[in-house]
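Asks: Which chain is which? The protein sequence lines are A and B, in order. For reference, each letter of the first sequence is one residue, going 714 to 1047 in my numbering. For reference, each letter of the second sequence is one residue, going 714 to 1047 in my numbering. Glycine is no exception: its CB is placed at the ideal position from the N, C-alpha and C atoms.
2 protein chains.
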Amino acid sequence: MPISAYAAKAPKGRLESFTYDAGPLGPREVEVKVTHCGICHSDQAMIDNDWQFSAYPLVPGHEVVGTVAALGADVRGLALGQRVGIGWQCGSCGECEFCRVGHETYCAKERDTIVHHHGGFADRVRADANFAIPLPDGLDSAQAAPLLCAGTTVFTPMLHHGVTANTRAAVVGIGGLGHLAVQFLAQMGCEVTAISSTHDKDDEARGFGATHFIATKGTDELKKAASRFDFILNTVPADLPWGDYLAALRPAGKLVTVGVPASDVKLSAFQLIGQEKSFCGGRTGSPAEIATMFNFAARRGVHAQIEKFPMKDINAAMDRVRTGKMRYRVVLEA
Amino acid sequence: MPISAYAAKAPKGRLESFTYDAGPLGPREVEVKVTHCGICHSDQAMIDNDWQFSAYPLVPGHEVVGTVAALGADVRGLALGQRVGIGWQCGSCGECEFCRVGHETYCAKERDTIVHHHGGFADRVRADANFAIPLPDGLDSAQAAPLLCAGTTVFTPMLHHGVTANTRAAVVGIGGLGHLAVQFLAQMGCEVTAISSTHDKDDEARGFGATHFIATKGTDELKKAASRFDFILNTVPADLPWGDYLAALRPAGKLVTVGVPASDVKLSAFQLIGQEKSFCGGRTGSPAEIATMFNFAARRGVHAQIEKFPMKDINAAMDRVRTGKMRYRVVLEA
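#1: Could you tell me how far apart the beta carbons of residue 1006/B and residue 998/B are, in whole angstroms, since I believe they sit closer than 8 angstroms?
#2: How would you label residue 952/B, buried or exposed, when you count the other beta carbons within 10 angstroms and need 16 or more for buried?
#3: Would you mind sorting residue 813/B into buried or exposed? The rule is 16 or more other CB atoms within 10 Å of its CB.
#4: How long is the line joining the alpha carbons of residue 746/B and residue 714/B, rounded to whole angstroms?
#5: By DSSP's criteria, residue 696/A is part of a beta bridge. Which residues make up the other side?
#6: Give every residue of the same chain whose Cβ lies closer than 6 angstroms to the Cβ of residue 787/B, excluding the five residues on either side of it in the sequence, and list them in chain order.
#7: I need the DSSP call for residue 791/B, collapsed to helix, strand or coil.
#8: Per DSSP, residue 725/A forms a beta bridge with which residues?
#9: Report, in whole angstroms, the separation of the C-beta atoms of residue 791/B and residue 778/B, which I expect to be a contact under 8 angstroms.
#10: Unbroken beta strand (DSSP E) runs of length 3 or more, entirely within the stretch 997-1039 of chain B: which are they?
#11: Please list, in chain order, all residues of the same chain as residue 947/A whose beta carbon is under 6 angstroms from its beta carbon, the five residues on each side excluded.
#12: Between 870/A, 838/A, 729/A, 848/A, which has its C-alpha nearest residue 967/A's C-alpha?
#13: With a Cβ-Cβ cutoff of 7 angstroms, do residue 797/B and residue 845/B count as a contact?
#14: Could you tell me the distance, in whole angstroms, from the CA atom of residue 731/A to the CA atom of residue 721/A?
#15: Ordered along the chain, which non-local residues of its own chain (more than five positions away) have a Cβ less than 6 angstroms from that of residue 960/A?
#16: Return helix, strand or coil for residue 953/B, following the three-state DSSP convention.
#17: By the 7 angstroms beta-carbon criterion, what residues does the stretch 818-846 of chain A contribute toward chain B?
#18: Are the stretch 1010-1018 of chain B and the stretch 848-863 of chain B in contact at 8 angstroms, needing three or more beta carbon pairs?
#19: Considering only residues of the same chain and omitting the five flanking positions on each side of residue 818/B, which have a CB-CB separation below 7 angstroms?
#20: Spell out whether any CB of chain B is found under 7 angstroms from the CB atom of residue 982/A.
#21: Could you tell me if residue 955/A is buried or exposed, where buried requires 16 or more neighbouring beta carbons within 10 angstroms of its beta carbon?
#22: Using 10 angstroms around the beta-carbon of residue 749/B, count the other beta-carbons present and answer buried if the total reaches 16, otherwise exposed.
#23: Which chain B residues sit within Cβ distance under 9 angstroms of residue 724/A?
#24: Ignore the nearest five residues each way along the sequence and tell me which others in residue 878/A's own chain have a CB closer than 8 angstroms to its CB.
#25: Identify the contact partners of residue 992/B in chain A, using a Cβ-Cβ distance below 8 angstroms as the criterion.
#26: Looking at the strands, I want to know which residues DSSP matches up with residue 730/A.
#27: Rounded to a whole number of angstroms, what is the C-alpha to C-alpha distance between residue 980/B and residue 949/B?
#28: Assuming residue 774/B and residue 835/B make a contact with CB atoms under 8 angstroms, what is their CB distance in whole Å?
#29: From 723/B, 849/B, 943/B, pick the residue whose C-alpha is nearest to that of residue 1011/B; which is it?
#30: Can you tell which of 764/B, 767/B, 837/B has its C-alpha closest to the C-alpha of residue 738/B?
#31: Select from the stretch 794-813 of chain A all residues with a C-beta closer than 8 angstroms to any C-beta belonging to chain B, and list them in chain order.
#32: Determine the burial state of residue 893/B: buried for a count of at least 16 other Cβ atoms within 10 Å of its Cβ, exposed for fewer.
#33: From 784/B, 719/B, 880/B, pick the residue whose C-alpha is nearest to that of residue 752/B; which is it?
#34: By Cβ distance below 8 angstroms, which residues in the same chain neighbour residue 927/B in space, the five residues on each side in sequence not counted?
#35: Please classify residue 826/A as buried or exposed, where buried requires at least 16 other C-beta atoms within 10 Å of its C-beta.
#36: Measuring alpha carbon to alpha carbon, tell me which of 755/B, 1047/B, 965/B, 917/B ends up nearest residue 866/B.
Structure (structure tokens):
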């Protein structure tokens, strides 16, 4: 049966009905019936061809939650009807040195859900079975959707950089990613500082678990926070005053960006060397790491704050994302 | 008794005889009779006021090896006549959260041997007893001198970034620092690639333990080394093609610079994010880390390759350093 989807047919295009035949299901693939799909800024970036590797017609959607509708012949460990999530990555070679040790995000043959593949703004979507990650009971499907990209993007750097309860942490940008990052860190037992341009989100950030709040626009609050953090996670896709953020790190501190700034990042080597600081890139996790995040979120009550739209109102939902005013994430419901 | 030294009396000055009274010995200080002192590029930078914090008259010399000549009243654990080394740092507060756990390099009250303090181009030099680090038997005094700055600068990042025998490592710049870095890594059991502008030092680098050699000038050897290294240590104080070096890192790889480039470092955030790479600053170690390095060097036979000059020929020795042609480190002998 053909898959019924919404596609952009050209860069920056509106989303239109689009039907495609996904072909025979591969032996290690699953087909998932979409019940929910989050909208991510990278869906917008892909629609707009910001990164110059979009292919059209382009079906966005890589924060998919649904139920297993069909199983490839060789798939084990998943059952028809089971709730699963699919994120940015939908496949890998399964055989390389990275896949073999559960580092599928490093696979040179990584396949991504909306890159030369049709995503979750649809009634169904395909993925390698390994990338259809079971949802634990107690995790609401709509709230789980944003975890598949926003959530794992902020959670994985915490794993990879050894964040513990005594890490002094800051989150730059209190949006779709940041409001989850603050919750994850607070639930890990950290003292968390939320950093935003203004104090508009001060109360909400404290509600997510932040102990401190820094507003950067027209204040000296960031400069006053010199040598305060072991771990700063930047979620903002903008050119920041990197020197001020490096100064806000404690010795051996790490500034991890998951937001892609418009320009190259300029850093003072002297500033990095003096106290052995690091500037790092962070990204989404492997299936095992996403499963770890799901369990943590369910266990500790980390909830995405979402605005729901019916899937048929996809263009209104996209417009809402483009305004940047949603608090904090938009989720489509089938 | 006044200390007899060689000092630069103004920026870029020749070194001249200079005698000073170091005052009463503090209760936790030691006075060390200098037998050897290495010359480091940062001595030259300090003489020339490159970093804008030099004070004159300036007595350089922060790769000091000698014997304990006088002990402050409260010093324990050192004996008169004992061989010790003094490096870049000569003191710290001893009480802060960093000093208490052996991270004296992070102390906000760090005191440095040639910054507002007179160094080892002299017959004697003072330091906090904690920063006069005993030399193990079997470590030659002249060869130990360069370990006090060049050695610890490259060894400490290996400790702090968890280098193990299976780390795929590269060293950029085969000079005073680099020739020690190659030896340390090879003796740790790593596969080591030496990277230099030309193949001039190919044979020597292999003699130090390198398995591979990359020449960067007018070749595509670096570009061909894409995704090859877990750990790249840059010892060159110059603006490098950072993008090519980031590309040479494997997933989650780290590019650590201990060389201070002339300009800010420009990095592509996309390149860092895609495979979670890091750009880090590295520096000299704490007294405990220097002691660890001494023991490793003695145990595994890591030898600085040096050119010796009598201390009285200090200006000829400095001229030799300024040419950059010494292989690989200049050491003054009393």
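Replies: With the structure as the only source:
#1: To locate residue 1006/B, count along the second sequence from 1; it is residue 293. To locate residue 998/B, count along the second sequence from 1; it is residue 285. Indeed they touch by this definition, with Cβ atoms about 7 angstroms apart.
#2: Translated into positions along the second sequence, residue 952/B becomes position 239. Residue 952/B counts as exposed, since fewer than 16 other C-beta atoms from the protein chains shown sit within 10 angstroms of its C-beta.
#3: One-based indexing of the second sequence puts residue 813/B at position 100. Counting Cβ neighbours within 10 Å, residue 813/B comes out exposed, since fewer than 16 surround it.
#4: As a working mapping, residue 746/B is identified with position 33 in the second sequence. As a working mapping, residue 714/B is identified with position 1 in the second sequence. Taking the straight line from one Cα to the other gives about 12 angstroms.
#5: Chain A is shown only over 714 to 1047; residue 696/A falls outside these bounds and no answer can be derived.
#6: Position 74 of the second sequence, counted from the first residue, corresponds to residue 787/B. Excluding positions up to five away in sequence, the list reads 740, 741.
#7: Mapped onto the second sequence, residue 791/B falls at position 78. Looking at residue 791/B - three-state DSSP - the assignment turns out to be coil, as it is neither helix nor strand.
#8: As a working note, residue 725/A is residue 12 in the first sequence. Per DSSP, none; premise fails for residue 725/A.
#9: Here residue 791/B is taken as the residue at index 78 of the second sequence, counted from 1. Here residue 778/B is taken as the residue at index 65 of the second sequence, counted from 1. That belief does not hold up - the Cβ atoms of residue 791/B and residue 778/B are roughly 14 angstroms apart, past 8 angstroms.
#10: 1019-1023
#11: Numbered from 1 along the first sequence, position 234 holds the residue referred to as residue 947/A. Taking C-beta separations shorter than 6 angstroms and ignoring five residues to either side along the sequence, the partners of residue 947/A in its chain run 885, 970, 972, following chain order.
#12: Taking the first sequence and counting its residues from 1, one reaches residue 967/A at position 254. That would be 870/A, whose Cα lies nearest to the Cα of residue 967/A.
#13: The residue you call residue 797/B lines up with position 84 of the second sequence. The residue you call residue 845/B lines up with position 132 of the second sequence. Result yes, Cβ atoms of residue 797/B and residue 845/B sit closer than 7 angstroms.
#14: If you number the first sequence from 1, residue 731/A lands on position 18. If you number the first sequence from 1, residue 721/A lands on position 8. Roughly 9 angstroms separates the two Cα atoms.
#15: If you number the first sequence from 1, residue 960/A lands on position 247. So the qualifying residues of the chain are 939.
#16: For this step, residue 953/B is matched to residue 240 along the second sequence. Judged by DSSP in its simplified three-state form, residue 953/B adopts coil rather than helix or strand.
#17: 819
#18: The stretch 1010-1018 of chain B vs the stretch 848-863 of chain B: in contact.
#19: Against the second sequence, residue 818/B aligns to sequence position 105. Within the same chain, residue 818/B has close Cβ partners 802, 996, 997, 998, 999.
#20: On the first sequence, residue 982/A is found 269 positions in, with the first residue counted as 1. Yes, residue 982/A lies at the interface with chain B (some Cβ there is under 7 angstroms from its Cβ).
#21: Reading the first sequence from its first residue, position 242 is the one you call residue 955/A. Per the 10 Å Cβ criterion, buried.
#22: Position 36 of the second sequence, counting from 1, holds the residue named residue 749/B. Counting Cβ neighbours within 10 Å, residue 749/B comes out buried, since at least 16 surround it.
#23: By 1-based counting over the first sequence, the position of residue 724/A is 11. Chain order gives no chain B residues near residue 724/A, where near means a beta carbon separation below 9 angstroms; the closest approach is about 19 angstroms.
#24: Here residue 878/A refers to the residue found at position 165 when the first sequence is read from its first residue. Contacts found: 901, 902, 903.
#25: Translated into positions along the second sequence, residue 992/B becomes position 279. Within 8 angstroms Cβ-Cβ: 980, 985, 991, 992, 993.
#26: If you number the first sequence from 1, residue 730/A lands on position 17. Looking at the DSSP assignment, residue 730/A forms a beta bridge with 719/A.
#27: Position 267 of the second sequence, counted from the first residue, corresponds to residue 980/B. Position 236 of the second sequence, counted from the first residue, corresponds to residue 949/B. Rounded to whole angstroms, residue 980/B to residue 949/B spans 17 angstroms at the Cα level.
#28: On the second sequence, residue 774/B is found 61 positions in, with the first residue counted as 1. On the second sequence, residue 835/B is found 122 positions in, with the first residue counted as 1. Rounded, the Cβ-Cβ distance is 7 angstroms, consistent with contact.
#29: By 1-based counting over the second sequence, the position of residue 1011/B is 298. Comparing Cα-Cα distances from residue 1011/B to each of 723/B, 849/B, 943/B, the minimum goes to 849/B.
#30: Along the second sequence, one-based indexing puts residue 738/B at 25. Nearest C-alpha to residue 738/B among 764/B, 767/B, 837/B: 837/B.
#31: For the stretch 794-813 of chain A, the beta-carbon criterion of a distance under 8 angstroms to any beta-carbon of chain B is satisfied by 811.
#32: Taking the first residue of the second sequence as position 1, residue 893/B is located at position 180. So residue 893/B counts as buried.
#33: Here residue 752/B refers to the residue found at position 39 of the second sequence. Cα-wise, what sits closest to residue 752/B is 719/B.
#34: Taking the first residue of the second sequence as 1, we reach residue 927/B at position 214. The residues are 883, 906, 907, 908, 909, 934, 935, 938.
#35: Position 113 of the first sequence, counted from the first residue, corresponds to residue 826/A. The residue in question, residue 826/A, is buried, as its Cβ has 16 or more Cβ neighbours within 10 Å.
#36: Counted from its first residue, the second sequence places residue 866/B at position 153. That would be 755/B, whose Cα lies nearest to the Cα of residue 866/B.
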